[in-house]
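In order, the protein sequence lines correspond to chains P and G.
Just so it is clear: in the first sequence, position 300 is 300 by the UniProt record's numbering, and no numbers are missing.
Just so it is clear: in the second sequence, position 138 is 138 by the UniProt record's numbering, and no numbers are missing.
Inspection log for the structure reproduced underneath, given as structure tokens.
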Amino acid sequence: MGKEESPQITRRVTRLSSSTAVTNNEVEPEKITKPYKPTLNDFVSGGEQLSFNDLLSSFPARGNQIRELLRLLGPVNSPMLPLFVYGDPSTGKTSTILQIFRYLNRPFVYASCRTCYSLQILFESVLNQLLLHKKNAANGYSSAKRCVKPSDFVNFLREDLTSVIEKLRSLKKLGSNKPAGKPNGNMLYLIFDNLELIREWDKSSSALPFMFNLYDVLKMHEVGLIFISNTSPDTYYSNMGYTEHVPVYFPEYTEDDLRQILMKNQANRKLYSSFLDVVLRPFCRSTRRVDELSTAFSPLFRKYCEPLSDLASVPNEEMKRRLFSHFRPHIAPSLNEIFWVPSKSSTEAEINKDTRQKGSTRKPEVGDHFAQIDFHMSTSAKYLLISAFLASRNPATLDASLFDSTGGSDSRKRKRKASEKSMEQKEVAEQELLMKGPGTFPLERLLAIFQCITSAADSLDEEEHENDVLRVGGDCGLMSDVLLQLSSLCNANFIIKGGSCPLEGSTRYRSTVSEDLALKVARNLKFPLPNYLYRR
Amino acid sequence: MAPSATAPESLSPSTTLDTTENNLQPFFVLHRARSRKSEKKPTGTWKTRRRIDLSPSLPKNGENLDAEKAEAWDDCRHVGIRMEAFDDVWSKIKSTIKDVLRDINTNVFNEIHHWVRESFNMITSFATPTFPEATGSFPMVTDAASKQLFTGLVLTKNMEFVDDLLTFEELGSYLKSQGCHVANLSSLEFSVKNGIGGCLRSLLRQFLMVALDAPDVSILATWYREQGSCNNPVVIIIEDMERCSGSVLSDFILMLSEWVLKIPVILIMGVATTLDAPKSILQSNALHHLCPCKFILGTPPERMDAVVEAVLVKQCSGFSISHKVAVFMRNYFVSQDGTLTSFIRALKIACAQHFFMEPLSFMLWFLLGDDNLMLQGEKYGLSPEMMLKHALNLPSYQSYGRNKIAKQQDETLVNGLAELKKLQCQWSTVILCLYEAGKCDKVTLLDLFCEALDPESFKSRAPDNGGGLENDSGVSSSDFYKHQQYHTTRKSGFICQAVQKLRDLPAVQLRKLLKGWEKYTVSAPQIHDKVKKLLSEVKFEDGKSLGQDLSTISKRHASRKHLKIEDSKAVNEKAAKLLESMVRNYMQPLECVPFHEIVCFKNVNALQTALIGDPRRRIQVDLLDVRNIIQCSCCISSSNTLLPSMHDSSIMYTLAQEHGDLINLHDWYQSFKSIVLCLSNKGKHGSNYSPSLKKRKATTEPAKPSEASIQARFCRAVTELQITGLLRMPSKRRPDYVQRVAFGL
């Protein structure tokens with residue numbers, strides 16, 4: 001900070017400090033050197049004054065909720081019950097509330113449980129805001145008060161709240177003519193966002209009851225509490241005797257709402273509207289979250305506009321039809337695409353071009369292309385991957401029949417007489433296996449399968465390249481650092497180290513490789529994987 | 001279980017002293033210090049008596065010493081000086097490797113930086129918050145798209161992560177040099193245990209240089225705004241995304257996405273496997289906040305080829321490896337480890353061992369152009385005569401150079417080395433030409449390199465070339481025969497593949513290829529002329545059929561262009577012939593050249609033990625014949641029987657061999673007890689003849705170990721075996737059995 005202060009800020013500071021010089025000196029007398037001093041004005045969102053119409057027009061489909069909230073908040077300085085605002089993610093809860101407070105110009109303190117990821121940080125964040133304390137280099141980025149326990153928090157909070165409210169009162173008396181940007185009223189609102197995250201913080205679940213009880217504990221009518229949550233109140237409390245919160249529900253947007261929202265701030269409304277005609281309906285079937293839709297639409301709209309030379313042109317019917325026919329093939333794939341990764345690299349395009357050329361000139365080697373793995377793995381890691389896949393897919397009882405007994409036998413064969421089972425039971429078992437997903441296996445079984453596979457592959461290899469000189473040093477054995485490879489496979493998330501088996505206490509593993517990848521790897525090694533797979 | 005670390009209590013200190021005196025192993029140094037402390041006056045007598053006991057082993061060691069003394073010079077003294085030379089050579093190789101790797105990444109780094117700047121401009125275009133806005137706790141109200149977090153996914157293309165640690169470090173410092181604020185996070189910071197606080201703490205530590213009790217993103221926002229000018233993005237590099245805990249990473253992303261307007265954060269994540277990895281790790285709501293873009297680093301084989309080219313083919317240091325070593329290192333890379341790091345480590349080990357074992361290794365500098373060979377020799381403690389003598393005794397000179405022995409001897413060495421240098425130069429030129437040709441067919445340089453080093457195949461290629469160094473025989477009738485033979489024997493070779501590829505290369509590519517050759521062959525004038533001639537032919541033809549190249553490729557069947565195709569085919573054939581003759585005449589493997597031992601490391605076994613080690617096997621072998629390692633007096637006499645003076649865990653493991661996979665604890669204990677008690681029984685009869693018994697009596701230990709102490713020893717030994725990973729403790733199902741875990745032996 002210091003000399004390179006942007007002019008805008010200093011201007012603002014001077015304006016503020018001249019107007020609220022009294023409160024400044026009262027609140028933070030020690031920080032005179034700092035160019036920017038937080039003031040009571042920081043309790044309001046700032047910016048230019050918002051009219052009611054602006055408020056309504058910025059949230060096209062939220063008129064009812066806004067009116068409801070305004071009714072609940074009541075006129076200036078009227079006490080209120082705690083509000084519980086809930087609704088699905090990305091339905092505009094937080095932004096609506098923040099804009100309402102900007103419109104009302106009332107002081108509030110906001111804390112998101114996403115940013116404040118633990119009780120301590122949540123408490124300290126609230127207290128810092130109340131004390132107008134900013135963590136910065138001057139104070140070593142520390143909080144104004146250290147606060148870990150909920151009981152401490154209540155005491156500090158009450159103390160700080162009363163002082164702040166006092167100041168607000170005195171401010172009101174001082175300035176009878178209200179300039180813009182001044183806090184309105186002497187009531188302070190505490191907004192807690194993303195409340196659903198608190199449930200995951202501590203399993204003893206003392207935090208949630210505390211938060212809900214806060215209103216009763218504080219017993220201050222000058223404080224309004226607003227909770228914002230993704231989930232409905234039913235998921236939180238169960239008749240524990242709190243003061244009833246007033247629920248405000250933000251319903252999911254309808255298709256028309258979405259259209260209105262998405263149409264906002266578009267340069268060429270006509271064009272975008274024709275674009276939405278095409279895409280909105282299919283996409284609404286899968287998601288109605290504004291953020292998801294807008295991120296999905298922005299590349300699509302670019303694609304939609306591709307054939308247009310002038311983006312400002314107003315589309316007529318004939319043009320719309322043309323655009324649609326051009327655009328139609330892109331809709332279906334993007335519907336299924338959750339995570340699409342574009343590439344900025346120019347070299348890759350060249351490579352692609354190269355491969356395409358090669359594909360045209362050399363047809364017979366198409367099979368090569370399928371055996372390509374996207375990343376490098378050593379041969380023994382590949383074999384290990386395959387054996388883990390086999391160990392997860394095949395029942396342990398079949399190992400002996402699939403592999404030679406020479407390569408090491410599985411000592412823990414489960415006695416299961418398949419012949420005695422009726423067909424129905426078998427089907428149930430199959431269903432169960434399918435539901436369970438890949439099975440777990442002990443390390444020994446994995447190593448035994450690995451040994452079988454590699455010994456088989458070695459003999460196969462030797463037949464193939466009888467006079468290959470490069471295999472001279474190859475017989476040093478694939479076994480030497482298999483355990484290292486195993487750990488790197490675990491790190492790459494191909495094998496998951498599961499919990500230990502309750503009977504034996506040894507670690508069990510589970511392969512998470514998709515069949516596609518396993519087959520790819522096997523093809524790359526020329527290993528006949530399908531022969532070893534047990535098909536149910 | 002190093003024998004030096006846990007000396008069995010039955011061994012008296014003076015025994016170990018004796019072994020240390022005779023056997024100069026660095027391992028036993030620790031023991032000597034300890035035994036010297038306990039060496040008091042009375043032990044002197046013991047010592048003399050023990051000497052007599054040891055008599056059978058003494059002469060052997062003495063012989064060794066004599067043999068060593070018979071060497072013309074005392075090697076030990078100069079090893080240190082030679083190791084200094086090794087340091088020089090290795091630092092040169094290391095810097096070469098570093099440069100090569102950096103060059104490979106330069107393009108990608110530039111792309112990433114470009115993208116970072118673009119993304120930053122996008123973020124600032126959404127909103128430019130003022131100071132109070134940016135540091136306030138509540139989010140700014142904007143449209144939903146502005147919550148996107150720009151994320152670069154850097155595909156490292158290697159499942160193993162070691163190679164890329166350095167890459168991300170360099171990427172960080174590169175971006176820093178371009179003005180970005182950079183923090184490198186590793187997966188360790190994204191553990192479930194530390195939660196999101198862990199990564200924030202690390203971030204704040206790197207950006208703010210403070211360690212905080214309760215880290216918080218708002219601090220970062222304040223810090224960023226306090227920087228003054230906010231014209232630079234904050235780049236967070238997460239090195240290995242796959243290893244991160246998915247939930248913590250998702251939380252982190254969600255949190256950052258709320259703050260992205262206040263702190264312009266750009267994420268860069270290293271992805272080791274495929275692009276599916278983020279999808280499988282992250283929660284879907286976090287995934288939606290990412291605005292990804294992918295970048296691809298060089299694949300390990302590409303990097304490997306670049307390193308091989310710079311270090312081994314182009315001879316940056318003069319150091320070289322033999323065919324067998326090369327093949328071993330290649331196989332280790334391909335089938336075992338797959339990281340460049342371990343390849344470089346193997347190279348370093350090879351280089352160090354070469355300097356350690358080869359007295360003339362300092363002459364590497366000569367190959368780099370330092371002519372003052374004799375002076376150098378003096379520096380390394382060799383008189384010129386000794387140097388010559390040693391050089392002329394090298395097996396390669398013995399077998400190849402005998403016919404020239406009549407010449408002036410001191411000149412032979414200098415000339416021989418000059419010759420070696422020249423041949424090496426030619427060899428690498430040809431290899432590079434081959435690589436250029438094989439590139440189109442995805443032949444890796446590493447494979448080519450291994451094949452080209454093979455002395456056997458060279459001999460079979462040119463049987464009459466063995467003795468003469470420069471049998472530059474032109475194209476003769478016998479060549480055709482040789483050529484045929486070459487084809488029949490080496491059908492599957494990579495060299496052959498490269499040559500074959502040349503025959504059906506389209507004309508455009510052929511010309512590019514020949515241009516490349518022209519560049520490579522500047523140092524070898526004979527080849528250079530031929531390449532030039534060929535190139536002019538191609539050019540001439542191009543002039544004739546300008547613009548027909550493309551059609552030649554696409555429409556081969558067109559009959560009216562048949563003639564042209566024939567022409568271009570002829571040029572292809574000529575190029576292939578030229579390459580073949582180059583391979584035949586100039587690519588003489590190092591191991592066929594006299595004096596190659598000076599520059600070439602050949603001992604593949606030493607390298608293998610140093611590199612792989614195979615500790616599991618080693619432990620088992622060592623436990624089974626412990627007497628080879630602890631050469632104490634009591635065990636040396638009896639060949640195979642178990643003695644109570646042996647180490648407990650060694651006794652136990654030997655006993656365990658008699659059982660199957662499952663060992664009954666009771667039986668095991670009984671046999672262990674019988675062995676241990678055998679000593680005290682013997683001790684009672686054997687009076688004070690046995691020194692170890694004397695020792696026992698001297699100490700506080702009772703003559704007959706009590707049942708309790710045997711049990712304690714048994715338990716300790718079992719635990720030791722478990723810790724070394726040879727045993728598994730009794731399970732609940734079978735409480736009185738332990739299971740042997742024996743794989744790989």
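Idealized CB from N, CA, C, for every residue including glycine.
{"query": "Rounded to the nearest angstrom, what separates residue 270 of chain P and residue 331 of chain P at their Cα positions?", "result": "20 Å"}
{"query": "If you draw a straight line from the alpha carbon of residue 73 of chain P to that of residue 286 of chain P, how long is it in whole angstroms?", "result": "35 Å"}
{"query": "Of the residues that make up the stretch 171-197 of chain G, which ones have a beta carbon closer than 9 Å to any beta carbon in chain P?", "result": "187, 195, 196, 197"}
{"query": "In whole angstroms, what separates the C-alpha of residue 56 of chain G from that of residue 675 of chain G?", "result": "Confidence at residue 56 of chain G is low in this model, with a pLDDT of 35, below 50, so the placement of that residue should be treated as unreliable; the coordinate-derived value is given next. Rounded to whole angstroms, residue 56 of chain G to residue 675 of chain G spans 26 Å at the Cα level."}
{"query": "What residue range does the beta strand (DSSP E) around residue 91 of chain P cover?", "result": "Neither: residue 91 of chain P is in no beta strand (DSSP E) and is coded neither H nor E."}
{"query": "Mind pulling the beta strand (DSSP E) runs of 3 or more residues that sit fully within the stretch 166-206 of chain G?", "result": "181-185"}
{"query": "If you draw a straight line from the C-alpha of residue 738 of chain G to the C-alpha of residue 715 of chain G, how long is it?", "result": "12 Å"}
{"query": "For residue 136 of chain G, which option in G/258, G/233, G/149 has the closest C-alpha, if you only look at C-alpha atoms?", "result": "G/258"}
{"query": "Starting from residue 193 of chain P, follow the beta strand (DSSP E) in both directions and report where the run begins and ends.", "result": "188-193"}
{"query": "Would you check if the distance between the CB atom of residue 317 of chain G and the CB atom of residue 93 of chain G is smaller than 7 Å?", "result": "yes"}
{"query": "Exposed or buried, which one is residue 685 of chain G when buried takes at least 16 other CB atoms within 10 Å?", "result": "Low per-residue confidence applies at residue 685 of chain G: pLDDT is 45, beneath 50, and the placement is therefore not dependable enough to give any value."}
{"query": "On the three-state DSSP scale, how would you describe residue 208 of chain P?", "result": "helix"}
{"query": "How is residue 739 of chain G classed by DSSP in three states: helix, strand or coil?", "result": "strand"}
{"query": "Which residue marks the beginning of the alpha helix (DSSP H) containing residue 589 of chain P, and which one marks its end?", "result": "The displayed coordinates of chain P run from 1 to 536. Any statement about residue 589 of chain P would go beyond what the structure contains."}
{"query": "Evaluate contact between the stretch 150-158 of chain G and the stretch 373-384 of chain P, counting only Cβ atoms and requiring at least three cross-stretch pairs below 8 Å.", "result": "yes"}
{"query": "Evaluate the contact criterion for the stretch 301-309 of chain G versus the stretch 409-427 of chain G: three or more CB pairs, one atom per stretch, below 8 Å.", "result": "no"}
{"query": "Can you find at least 3 beta carbon pairs, one from the stretch 251-266 of chain G and one from the stretch 214-234 of chain G, that sit closer than 8 Å?", "result": "yes"}
{"query": "Between which two residues does the alpha helix (DSSP H) harbouring residue 356 of chain G extend?", "result": "340-357"}
{"query": "Would you identify the three-state DSSP class for residue 142 of chain P, choosing helix, strand or coil?", "result": "coil"}
{"query": "Is the separation between the beta-carbon of residue 590 of chain G and that of residue 600 of chain G shorter than 7 Å?", "result": "yes"}
{"query": "Does residue 740 of chain G come within less than 7 Å of chain P when only Cβ atoms are used?", "result": "no"}
{"query": "What is the DSSP secondary structure of residue 270 of chain G, reduced to helix, strand or coil?", "result": "strand"}
{"query": "Does residue 157 of chain G have its Cβ less than 7 Å from a Cβ in chain P?", "result": "yes"}
{"query": "Assuming the contact rule is C-beta atoms closer than 8 Å, residue 283 of chain P and residue 323 of chain P should be a hit. Round their C-beta distance to whole Å, please.", "result": "Contact doesn't hold; Cβ gap of about 17 Å is too wide."}
{"query": "Determine the DSSP secondary structure at residue 147 of chain G, reduced to helix, strand or coil.", "result": "helix"}
{"query": "For residue 671 of chain G, which of helix, strand or coil comes out of DSSP?", "result": "helix"}
{"query": "With a cut-off of 8 Å on the beta carbons, I'd call residue 437 of chain G and residue 579 of chain G a contact; round off their distance for me.", "result": "6 Å"}
{"query": "Does residue 225 of chain G pass the burial test, meaning 16 or more other C-beta atoms within 10 Å, or should it be called exposed?", "result": "buried"}
{"query": "What's the gap between the Cα of residue 505 of chain G and the Cα of residue 534 of chain G?", "result": "15 Å"}
{"query": "Taking the CB atoms as reference points, tell me whether residue 115 of chain P and residue 255 of chain G lie closer together than 7 Å.", "result": "yes"}
{"query": "Counting C-beta neighbours from all protein chains within 10 Å, is the total for residue 303 of chain G 16 or more, i.e. buried, or is it exposed?", "result": "buried"}
{"query": "When you compare the CB positions of residue 555 of chain P and residue 392 of chain P, do they come within less than 7 Å of one another, or not?", "result": "In the structure displayed, chain P extends from 1 to 536; residue 555 of chain P sits before or after that span and is not available."}
{"query": "Under 8 Å by Cβ, that's how I've got residue 229 of chain P and residue 86 of chain P pegged, so tell me the actual separation to the nearest angstrom.", "result": "5 Å"}
{"query": "Could you work out which residues of chain G lie near residue 54 of chain P, taking near to mean beta carbons separated by less than 8 Å?", "result": "Simply none; closest approach about 12 Å."}
{"query": "Measuring CB atoms only, is the stretch 338-356 of chain G touching the stretch 621-633 of chain G, in the sense that at least three cross pairs come out at less than 8 Å?", "result": "no"}
{"query": "Just the chain G side, please: which residues come within less than 9 Å of residue 114 of chain P by C-beta, in chain order?", "result": "251, 254, 255, 258"}
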